[in-house]
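So in full-length UniProt numbering, spot 465 of the sequence shown is number 465, and the numbers just go up one at a time.
Yeah, the Cβ is synthetic: ideal placement off N, Cα and C, and Gly gets one too.
Note that the structure is a prediction, hence the values are computed from the model and not measured.
Just below is one structure, and these are the notes that go with it.
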Amino acid sequence: MRVRDGLLKLFGLCVLAGVLVAGLLFPITGSLGVVSNRASDAVNSISADLMTKEPPLVTTVTDKDGRPISYLFDQDRTPAAPDQIADTMKAAIVAIEDRRFFDHQGVDWAGTLRAAMTNQVSGGISQGGSTLTQQYVKNYLVHVVAGGDPVKQHKAIEQTPARKLREMRIALQLEKQLSKEEILTRYLNVVPYGNQAYGISAASRTYFGTTPDQLTIAQAALLAGMVNSPSALNPENNPDEALNRRNLVIKAMEDQQRITPEAADEARNSPLGLVQPLQSIPNGCVGAGPADGFFCKYVIDYLERAGFTEEQLRTGGYTIRTTLDEKATTAAKAAAEKGVPKTTKGIANVMSVVEPGKEKHRVRALVANRDFGLDASQGQTAYALPSGVIKFGAGSVYKVFTSAAAMEKGMGIYNTIQAPGSYTSSVYKNGTAPYTVGNAEGVSPGPRTLQKALATSPNTAFVALEERAGLDQTVDMAVRLGMRQTLQNYTASGDPLGANGSSGVSQADFVKQHNIGAFTLGYAPTSPLEISNVGATIMSGGTWCPPTPIEQILDRNGNPVSITEDPCEQVVDEPLANALAVGMSQDDKPGGTAAAAASGAHWTRPLASKTGTTESYQSAGFLGATPQYSGAVLTFSDGTSPQGICDTDPPRLCGVNGGNIYGGKVPARTWFDAMNVIHEGLPVAQLPPTIERYENGGDEFQVPNVVGMTSNRATEALQKAGYKVQERSVNSARKQGLVVSQTPRGFALPGETVTLSVSTGYVPPPSPEKPPPQPTAPGPPPEQPPAPPPEQPNPPNSPDNFPP
């Protein structure tokens, strides 16, 4: 039997040798040739993948000065160039994994046959005989081509002769296309080293806190030894096994005369030398920290709306330099926590800061008294509090929109309006009953200028003013000045709009359809960031720009990447915006609703501001803007059972029917505390000059609103009204040929030119600058009309702020 077994094994070896030869000769004739050609096509396809498919890399998100704030990745990998990897590392990996690497052409025939014979004799596959080139192929197929697909990963490492032959043939091809140095570098950049570190850069940082070019012999030997089995040889969990393996690598380097005996002895006698703790980089926005995490969240949300996918962000190796200002963020975070301590049960205090500008509105800070994180018991949250739409209103901050709409109709900031103690509207309803509104405690009745009304905030005056300006025009003004996500993409209950109206109509449509006069009292869900951007629009002379967190994006090769952002628009006449800023300039002065907070903070700079409070005292807000910065603070009940907020020290919840918070209290104090620091070192900037038309009123010159029309229809309407028209194409998901924005909107003299932004119907994916020509085919069909909204509940009779 033993003789027979020996003969069978000898026969098997002969057959195996024949298979190896046949498999590597690429026969092309007869039926075997057809099969081999198919296999060859598969090999060529895989070889092409290895040459062109990029490995997953870490995306780095930085602040405006380039300081990393967060990392996004599926695999912690940052590539190193050949000259960025120490010779010690290259020598170590060659010594232990493929001593004849620089001699063979991709396959070590002697080693392969020896391994094949050993496996045949043992009856299994105990030796691989793989070269570094073959190992590179296998690792690339597992960690790059297969990605996170376990089925593909298993197929890439299955222990079969077919897989081995395919791997060998690909290795032979690669050796013809890449230099030895390139193959070695690619190998070191792709293999895993345990502890979620992929590639030599991540491994050097994780275990030793260094870079690949600084690796010592002992460090290089440890890392080279680990690639054989990253889990079993993990030096943190299995230090003895890792040390033995490291010393084995050192001996191989010495035996092959890659290092001197003296250097080998010194390396063997050195400790493992791991950094403690290991320097793994945090993954995702939680890793950005308690303050910067909210900004990181907004960056991801913004880029996904601009066309990036989550997979692109987690594998693309981008460097995303944001607009985050660390000074502003630190100051705002400290002020938010001072206003409401982070562990205060049921009360959130959030702040956003935007820098005005006519070409860009850069977001500088997004913070909350809550830390960004996942531990709710510690007052943490991962919800986008400062940038998202929250289900509480900003109160009378919305009176700014009513004022702007009235000014566009012909009113001036020094025109007088009436403010009775109670007012019953002839236009708006409270269900089926008349809508009656009163003023907050401490607000005296009587006539006053629009400027004085903005400072003292009588509800009755602004409901009456909303009637004159028109509810539709007031809502549209809010959209134009900046409340776009809030009013156009969310429902009246604060939920994102669903496809085909599945969650109801937009908040803007709901308010118009149900004729809700309480809109001017700011009762409905709102976005703190968009409120800040309203201030930036006003301080930018009426130029709206999207609140962008992006300064620059570079791809993995350092090339700029362009993204689609909404274009800036001149949404109101510049003199109107300037006059509105001046109209809002008395709130921090004696008699204004924010006077006590401003005095307590020793605020002396010119300021445009507005306070607000909602019914039941469950939220309050403050918008303040200088020519340098605009910021908004919203304080609200964020628990599962909202209650009124009492302005105690510290603030507390005080029941469903209790509360005494106002926009001039916690929100205004938070704003002044932060902005005093943020403005340190800046010159005192004056508010813009005003003109007679918006001081004391005048004739109206209203540009037709043509947004949403086809370009032909819009042009006809504008020319009929006496305006010149020019068009520009913008990438947008709106139907091709529709006008998505116009500039100017509102006031313009006849004969002026109105610029229309016309949709291409196409949103391109993120691409390097100078992208290829865009397709001319229209985009997807528009969504179906939304379903009819539910019946409107009784509109709130919201209180407002009161003078301290």
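In this structure, DSSP gives F622 an extended state, which the three-state scheme calls strand. In the structure shown, the three-state DSSP call for Q485 is helix.
Looking at the DSSP output, K610 shares a beta bridge with L623.
If the five residues before and after P704 are omitted, its C-beta is found closer than 7 Å to the C-beta atoms of A717, L718, A721, all from its own chain and listed in chain order. For S757, the three-state secondary structure derived from DSSP is strand. Nearest Cα to A632 within the set N283, P261, E530: E530. For T88, the enclosing alpha helix (DSSP H) begins and ends at 87 to 97. The Cβ neighbour count for S377, taken over all protein chains shown within 10 Å, is under 16; the residue is labelled exposed.
Sixteen is the threshold: since fewer than 16 other Cβ atoms of the shown chains lie within 10 Å of the Cβ of Q257, the residue is exposed. CA-CA distance, R728 to T710, rounds to 13 Å. The way I'd put it, the region 685 to 699 does touch the region 577 to 585; three or more beta-carbon pairs between them come closer than 8 Å.
For Y617 against I661, the beta-carbon gap comes to about 5 Å, under 8 Å, which counts as contact. Counting along the chain, no alpha helix (DSSP H) covers G631; the unbroken beta strand (DSSP E) around it starts and ends at 630 to 637.
Rounded to the nearest angstrom, the Cβ distance from S280 to N189 is 18 Å, too far for a contact under 8 Å. Here P549 really is in contact with F295; their C-beta atoms are around 7 Å apart, less than 8 Å. Contact check for I217 against T88 passes: the beta carbons are separated by less than 7 Å. Residue pairing of I553 in beta bridges, as defined by DSSP: I320.
In the DSSP assignment, G438 falls within the unbroken beta strand (DSSP E) covering 433 to 438.
With contact defined as three or more Cβ pairs closer than 8 Å, the region 204 to 220 and the region 296 to 307 are not in contact. Going by beta carbons, T315 and P56 fall inside the 7 Å limit. Proximity to K333 across P766, N515, L385, P642 peaks at L385, based on C-alpha coordinates.
With 16 or more other Cβ atoms from the protein chains shown falling within 10 Å of its own Cβ, N533 counts as buried. The Cβ-Cβ distance between A594 and A674 does not fall below 7 Å. In the three-state DSSP reduction, A394 falls in the coil class, being neither helix nor strand. Spanning the alpha carbons of P689 and E574 requires a straight line of approximately 10 Å. Pairwise C-beta distances place the region 512 to 531 in contact with the region 609 to 625, as three or more of them are shorter than 8 Å. Taking a contact to require three or more Cβ pairs closer than 8 Å, the region 487 to 494 and the region 431 to 444 do not qualify as touching. Boundaries of the alpha helix (DSSP H) around R246: 239 to 255. Secondary structure at K138: helix, using DSSP grouped into helix, strand and coil. In this structure, T78 and V58 form a Cβ contact; the two beta carbons are roughly 5 Å apart against a cut-off of 8 Å.
About 21 Å separates the CB atoms of T185 and I259; that is not less than 8 Å, and the two are not in contact. For L682, the closest alpha carbon among the candidates A598, T640, R605 is that of R605.
Judged by beta-carbon spacing, V367 lies beyond the 7 Å limit of V354, meaning their Cβ atoms are not closer than that value. By the criterion of a C-beta distance shorter than 6 Å, K297 is surrounded in its chain by C285, A384, once the five residues flanking it on both sides are discounted. Comparing alpha-carbon positions, the option among A405, S585, S493, G498 lying closest to F462 turns out to be A405. Excluding five sequence positions before and after A455, the CB atoms of its chain that fall closer than 6 Å to its own CB belong to Q586, D587, G592, given in chain order.
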